[in-house]
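This report concerns only the one structure given below.
4 protein chains.
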Amino acid sequence: MNEQEMKKWQCRSDLALEAVEQMVGQVNEASQEGVKYEEDNIKGLKVTCIDVAPEAVERVGKKAGRYMTLDTSSIITHEHDQLTVAMEVFAEQLSKLLKHRDIKETDTCLVIGLGNDHVTPDALGPMVVDEVIVTRHLYELRPNEVDRSYREVSALAPGVMGMTGIETYDVIESLVKKVKPDFLVVVDALASRSITRVNKMIQMTDTGIAPGSGVGNKRKAVDEESLGIPVFAIGVPTVVDAVSITSDTIDFLLKHIGKSLKEESRSYKKLVPFSSARQIYTDEDLPSPELREQFMGQVGNLEEEEKRQLISEVLTPNGYNLIVTPKEIDTEMEDLATLISNGLNRALHPNVQFS
Amino acid sequence: MNEQEMKKWQCRSDLALEAVEQMVGQVNEASQEGVKYEEDNIKGLKVTCIDVAPEAVERVGKKAGRYMTLDTSSIITHEHDQLTVAMEVFAEQLSKLLKHRDIKETDTCLVIGLGNDHVTPDALGPMVVDEVIVTRHLYELRPNEVDRSYREVSALAPGVMGMTGIETYDVIESLVKKVKPDFLVVVDALASRSITRVNKMIQMTDTGIAPGSGVGNKRKAVDEESLGIPVFAIGVPTVVDAVSITSDTIDFLLKHIGKSLKEESRSYKKLVPFSSARQIYTDEDLPSPELREQFMGQVGNLEEEEKRQLISEVLTPNGYNLIVTPKEIDTEMEDLATLISNGLNRALHPNVQFS
Amino acid sequence: MNEQEMKKWQCRSDLALEAVEQMVGQVNEASQEGVKYEEDNIKGLKVTCIDVAPEAVERVGKKAGRYMTLDTSSIITHEHDQLTVAMEVFAEQLSKLLKHRDIKETDTCLVIGLGNDHVTPDALGPMVVDEVIVTRHLYELRPNEVDRSYREVSALAPGVMGMTGIETYDVIESLVKKVKPDFLVVVDALASRSITRVNKMIQMTDTGIAPGSGVGNKRKAVDEESLGIPVFAIGVPTVVDAVSITSDTIDFLLKHIGKSLKEESRSYKKLVPFSSARQIYTDEDLPSPELREQFMGQVGNLEEEEKRQLISEVLTPNGYNLIVTPKEIDTEMEDLATLISNGLNRALHPNVQFS
Amino acid sequence: MNEQEMKKWQCRSDLALEAVEQMVGQVNEASQEGVKYEEDNIKGLKVTCIDVAPEAVERVGKKAGRYMTLDTSSIITHEHDQLTVAMEVFAEQLSKLLKHRDIKETDTCLVIGLGNDHVTPDALGPMVVDEVIVTRHLYELRPNEVDRSYREVSALAPGVMGMTGIETYDVIESLVKKVKPDFLVVVDALASRSITRVNKMIQMTDTGIAPGSGVGNKRKAVDEESLGIPVFAIGVPTVVDAVSITSDTIDFLLKHIGKSLKEESRSYKKLVPFSSARQIYTDEDLPSPELREQFMGQVGNLEEEEKRQLISEVLTPNGYNLIVTPKEIDTEMEDLATLISNGLNRALHPNVQFS
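Chains as they are written, first to last, in UniProt numbering: chain A, 1 to 355; chain B, 1 to 355; chain C, 1 to 355; chain D, 1 to 355.
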């Protein structure tokens with residue numbers, strides 16, 4: 001694996017936040033030119049906004065554009081009030097992103113729900129499309145009667161190539177030619193590189209999406225470059241692989257030990273069992289290289305990507321690099337699809353009063 | 001309602017068999033020119049084949065072409081062996097229809113599943129598409145490796161306009177332009193005009209289909225004329241309206257009385273209760289106009305379409321002309337979708353040995 | 001069929017309202033002793049309350065007790081605000097019924113959802129049970145921590161005999177012995193005798209229920225007599241048979257003709273086509289026996305039950321007496337299950353503030 | 001945590017095979033008294049049979065009885081022929097287990113499907129119950145007509161306590177008292193301690209089951225001791241936690257390094273990237289304690305349970321010990337439920353000829 005391949009490989013995450021984190025872990029602050037990162041707390045929810053400038057594309061491994069995330073990790077499953085607040089914050093952020101790209105209230109929109117509706121953790125796109133308020137047919141069939149406080153919106157779930165035999169990009173492209181929307185919104189389930197983000201974060205971006213990009217096939221990107229109109233993508237990481245889980249855990253383990261040693265000044269062997277208080281680990285909790293070596297040997301001092309590569313080599317050939325999803329995926333998908341479809345409806349139809 | 005509208009209205013049935021029956025009930029045999037009707041019994045199942053010539057189109061109210069039906073009324077729900085036999089007969093008939101239109105084994109096919117997969121009696125198309133064996137992506141991505149005993153097939157369920165905001169025809173047309181198949185197979189759930197056919201018959205035709213044609217909207221037909229390639233349609237009547245149920249029953253009632261009188265020579269009033277033996281009624285069981293009047297008054301002597309129109313006038317304005325489906329629709333749809341998808345796979349991939 | 005059997009047969013409706021209507025159609029007002037009927041309009045919804053006294057049981061063909069209905073026919077599918085109003089009215093009426101039987105706020109409840117969750121129009125019970133707030137395990141496991149503003153509630157969907165091999169009554173009885181609730185609430189999908197009520201009415205009663213009682217099997221009733229505790233039943237008619245549809249329509253037809261003649265003083269033959277205005281028919285619209293005979297012959301003058309019996313004899317032996325449900329059953333069941341489960345939760349937990 | 005608690009904790013696996021493996025890893029061969037282990041290969045599938053004698057119960061942490069497993073890891077998803085072979089082997093092994101406990105062909109059976117049918121990886125029990133052939137109602141209602149080549153079988157899915165408010169054991173116990181079966185078969189989804197077994201193994205045992213035993217609540221066991229009749233349990237591990245994934249991977253990592261060093265005699269640092277050939281690791285691949293320390297520090301020389309405990313302490317307090325299931329859980333559950341229900345039907349009805 002040469003350096004270029006390594007770089008590509010590093011970018012496998014579907015989440016810009018993770019890509020930037022990777023980079024931050026590897027380069028010093030000074031080299032952050034071309035990446036603007038902002039963090040905010042809105043109604044108790046963490047919102048981030050990353051702008052990647054063209055000159056930083058190669059370094060970050062993400063296309064130039066704006067990447068926003070909404071952290072929903074504090075929301076309890078099926079907790080109606082919390083979900084409503086998160087939905088409102090999501091709608092606001094999405095509206096901001098649309099305005100950032102000068103989308104007007106009269107611009108027409110096509111919503112595309114990617115993914116396979118028979119595979120629960122991959123069904124986010126089709127589930128959202130089911131709940132999007134569509135109006136294009138009313139504009140077409142009854143142009144004089146239609147309530148123009150609603151934007152002209154259409155929506156389709158084009159299925160997955162393995163079920164249709166057709167490249168998803170091709171379905172979208174032919175549809176865009178026919179429907180001629182002013183902009184596209186694509187909704188998809190993503191892969192995360194961290195167990196902590198699965199079903200806990202919504203990403204919005206104006207850079208489009210590359211369907212199934214992580215899987216190794218060269219797929220055409222669904223973006224402004226390929227389609228000629230702005231393409232917004234909404235995604236939630238719903239799966240994570242065993243490599244990420246293990247890599248995360250080793251990282252936590254080192255920080256846990258580092259933090260405990262700092263606090264308690266005692267050797268690891270005596271630490272079992274640790275206290276069971278909730279911990280938040282930061283990079284500063286990482287112990288010294290000597291301690292890392294003591295506790296985790298050479299593995300303890302591997303760089304992030306080296307560590308992942310090593311684990312991948314052990315798991316992948318034996319078919320053990322399972323891509324997994326939380327046991328409660330059914331209810332979590334319901335909540336996420338409701339949140340996103342309601343928020344999307346609000347952002348797309350800003351002149352409509354929703355109850 | 002002028003005569004022309006009446007004619008249109010008469011043709012509301014999605015089934016050619018019903019359209020021809022209507023006509024047969026109204027016109028004498030001599031006028032049957034341009035309609036060829038054949039009936040066969042294959043492995044215990046009734047198969048019909050109707051050829052409508054261009055000169056008969058106006059009279060029948062159906063497009064010129066071939067209409068085949070497979071009567072599955074003898075099959076018991078979830079009876080695996082009977083379903084397998086019916087599937088094989090269906091595959092054979094469909095193959096004959098493809099050959100009738102000179103479809104070659106190397107011709108490429110796009111399968112379109114019409115209907116709404118969230119409305120059980122309307123989900124036939126999407127359910128079949130889910131089980132169709134698709135290969136087009138393999139021909140595209142790995143042309144040298146693909147097993148060419150499989151035909152190049154792709155498949156998509158484009159949803160319904162109320163959910164997508166896009167005319168179904170437009171989705172199909174844009175896809176046909178992109179995928180460029182040699183022929184199209186469209187699968188859809190139909191409306192029946194008779195309670196006896198609901199979920200009990202499969203129609204195959206080479207004349208295409210007009211999505212939602214019965215509902216009153218002008219929709220573009222999905223056919224060879226509009227798309228430039230042969231369009232085969234496979235349909236099952238899964239719903240029936242209250243008008244048809246009532247009209248059927250009044251008809252049965254008259255024939256029942258006629259038959260009983262013939263057999264037992266006694267007056268109706270004494271016939272209650274009738275024997276409960278299974279009866280098959282034919283047009284010859286219809287009693288004389290005088291007896292019809294005696295038992296059912298003026299209604300007893302209405303022409304079929306007059307009767308339907310009268311009933312419709314009573315039910316429709318009050319919202320009582322319910323479109324209904326059998327209570328067991330879930331299991332019946334499963335059986336039908338399995339039968340049709342397996343049969344379609346056999347007809348599309350004749351060189352493949354299915355177990 | 002002797003008179004006693006006839007009487008039994010007449011009572012096949014699951015709805016007391018229909019049973020009383022049948023009776024009202026047959027007997028004069030004076031003989032209504034023992035039946036108290038009240039009608040009310042609450043927030044735009046028609047609510048009825050029928051009390052059947054023990055002395056009227058034989059005449060009405062319904063057990064003694066209170067039968068309340070909520071007419072939801074004005075609600076549009078998926079119309080959130082209307083559904084919320086109806087849910088609140090339902091919760092109030094159910095609370096009144098519980099109080100009518102002296103159910104205290106601390107009495108424990110077992111909710112039973114009858115029906116087959118794989119048969120959409122029969123899934124009401126299981127769907128409601130899924131959304132009932134249960135607390136009994138918290139009372140058992142953490143008696144000191146449980147929020148006692150919630151009643152102690154448990155819930156189970158015992159399946160149907162054809163799937164379990166066990167009489168539903170037996171499952172319920174064994175569970176009641178174990179769980180020892182103070183009262184039972186049973187939720188079930190019902191059969192209607194009228195096309196106008198399918199999915200349009202909720203019945204609440206304190207007389208329990210006889211599972212599948214209409215189908216001809218002798219099944220043990222789930223009621224206070226058999227179980228020793230009050231048994232409330234909540235039901236919605238979700239299916240109707242072809243006999244009812246035809247009988248209804250013939251009835252509408254006669255009234256339609258009668259009304260039209262009165263209004264327009266012209267003969268039937270000239271009435272085609274009638275005006276398409278929405279009509280509400282009452283018994284006073286029935287034309288004279290002579291006119292009935294003129295339009296519908298002997299059938300026009302049959303008593304309701306004679307007419308149904310005649311139609312049944314014609315349809316049933318040929319397998320054409322389909323039990324049907326509206327095409328939109330999937331979405332209508334969703335709405336009904338949400339309405340009933342939310343209303344039930346409010347009625348069972350009156351001290352809880354629901355958002 | 002004292003030694004006794006540690007012992008309990010070690011036995012958290014639902015799989016006897018894993019419990020025995022744990023033990024084998026800790027104790028020498030000589031101490032294996034009371035545990036008989038047999039392995040066989042039938043039609044290409046690995047079958048194991050473990051007999052735990054009463055004297056070994058404490059050591060193994062599993063109840064005395066027979067534990068059989070069928071390894072289905074070689075089966076490709078939806079591969080019909082392979083699934084059929086596995087189903088037949090499963091049916092044979094289950095029949096052997098029934099005979100081992102002297103179950104007669106005329107003994108009556110109650111099948112219980114544990115789990116939550118709305119949580120895909122927990123729905124195995126309800127899914128199997130849906131496909132079990134039940135006959136008890138026919139024996140009850142039509143004793144003279146019933147086809148006695150079928151065993152008297154009933155089946156129920158009692159739901160989960162969080163949905164019903166009733167201890168699952170209580171539902172089962174009350175049902176057993178009522179139905180009085182001669183033996184019980186309980187089907188449930190299990191938790192695995194190894195990523196390699198998820199959805200890849202079926203366990204059959206005559207020792208019953210403890211519902212949700214791993215979750216920490218004291219639940220009554222569903223077994224012969226509590227119910228007075230033989231209780232057979234069929235289970236598939238469908239979930240695994242992040243602790244197990246990480247622990248497994250660290251183990252693989254050490255063995256991978258050990259094996260590579262042996263084969264290639266070079267230092268680890270130079271091993272990146274390793275070859276990507278499929279590897280099977282055995283305990284002999286574990287490198288020396290010194291090398292383990294070199295590569296993985298103190299963690300490399302932790303005992304299995306110490307390692308799991310350490311990882312658990314890091315992940316659990318932060319909510320990161322996700323219980324996960326493979327992304328393809330929907331299709332894998334379908335295959336497993338079909339395999340088990342068909343196999344169970346064959347084992348329960350040995351005199352019936354299945355096609």
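Positions of the beta carbon are idealized from the N, C-alpha and C atoms, including for glycine.
Item	Value
Nearest-angstrom beta carbon gap, B:Leu-98 and B:Ala-347 [assumed within contact, 8 Å]	6 Å
Under 7 Å between C-beta atoms of D:Val-47 and D:Lys-62	no
Cutoff 7 Å: B:Pro-289 Cβ touching any chain C Cβ	no
Enclosing beta strand (DSSP E) for D:Val-185 [first to last residue]	183–192
Where D:Val-272 falls, given that 16 or more other Cβ within 10 Å makes a residue buried	Its pLDDT being 43, under 50, D:Val-272 is placed unreliably in this model, and the value from its coordinates should be taken loosely. By the neighbour-count rule (16 or more Cβ atoms within 10 Å), D:Val-272 is not buried but exposed.
Closer than 7 Å to chain C by CB, B:Asp-182	no
Alpha carbon of D:Pro-317 to alpha carbon of A:Glu-39, nearest angstrom	26 Å
Exposure of C:Gln-203, with buried meaning 16 or more beta-carbon neighbours within 10 Å	buried
Residues that A:His-349 contacts on chain B, provided the C-beta gap is smaller than 9 Å	Residues of chain B passing the Cβ test: none, with the nearest at roughly 13 Å.
Local Cβ density within 10 Å of A:Val-352, reported as buried at 16 or more and exposed below that	exposed
Residue-chain proximity (C:Ile-166, chain D), Cβ-Cβ < 7 Å	yes
Reference A:Gly-159, options A:Asp-170, A:Met-296, A:Ser-149, closest by Cα	A:Asp-170
Cross-chain neighbours of A:Met-333 in chain B, by beta carbon under 8 Å	By Cβ distance, chain B contributes nothing, its closest Cβ being about 16 Å from A:Met-333, past 8 Å.
B:Pro-326 - partner residues in DSSP beta bridges	C:Val-324
Cβ separation of B:Gly-125 and B:Val-179, assumed to be a contact under 8 Å, to the nearest whole Å	About 17 Å separates the two Cβ atoms, so there is no contact after all.
C:Leu-336 (DSSP reduced to helix, strand or coil)	helix
Separation of D:Lys-259 from D:Glu-290, as counted between CA atoms	15 Å
Where B:Leu-315 sits in the DSSP three-state scheme	helix
Straight-line gap, D:Asp-71 to A:Val-129 (C-alpha atoms, nearest Å)	40 Å
From D:Tyr-320, D:Leu-138, D:Leu-315, D:Gly-34, residue whose alpha carbon lies closest to that of D:Glu-58	D:Gly-34
Within-7 Å CB hit, B:Asp-170 to chain A	yes
Burial state of B:Lys-8 (16 or more Cβ within 10 Å)	Confidence in B:Lys-8 is poor, its pLDDT being 41 and thus under 50, which makes the residue's placement too unreliable to answer from.
Chain B contacts made by the stretch 191–212 of chain C, where a contact means CB separation under 8 Å	Ile-195, Thr-196, Val-198
Short CB-CB distance (under 7 Å) between B:Val-134 and chain A	yes
Contact with chain A by D:Phe-232, beta-carbon distance below 7 Å	no
Simplified DSSP assignment, three categories, for B:Ser-213	The predicted model places B:Ser-213 with a pLDDT of 47, which falls under 50 and marks its position as unreliable; any figure quoted below should be read in that light. Looking at B:Ser-213 - three-state DSSP - the assignment turns out to be helix.
3 or more residues per run - each beta strand (DSSP E) lying fully within the stretch 126–170 of chain C	153–156
Contact set for C:Leu-315: own chain, Cβ-Cβ below 7 Å, skip 5 residues either direction	Ala-242, Val-243, Asn-321
Supposed contact pair A:Ser-288 and A:Asp-248 - C-beta distance, whole angstroms, cut 8 Å	Not a contact, Cβ separation roughly 21 Å.
Contact with chain D by C:Ser-31, beta-carbon distance below 7 Å	Because C:Ser-31 sits at a pLDDT of 48, beneath the cut-off of 50, its placement in the model cannot be relied upon, and the point is left open.
Residue-chain proximity (D:Lys-178, chain C), Cβ-Cβ < 7 Å	yes
Within-7 Å CB hit, C:Ala-155 to chain D	yes
Spatially closest choice to C:Ala-191 from C:Gly-165, C:Val-324, C:Ile-133, by CA coordinates	C:Val-324
Proximity of B:Ser-341 and B:Val-132 at Cβ, strictly below 7 Å	yes
Residue from A:Phe-90, A:Val-85, A:His-80 whose Cα sits closest to the Cα of A:Val-236	A:Phe-90
Close Cβ partners of B:Arg-197 (< 6 Å) along its chain, the five nearest in sequence each way excluded	Pro-237
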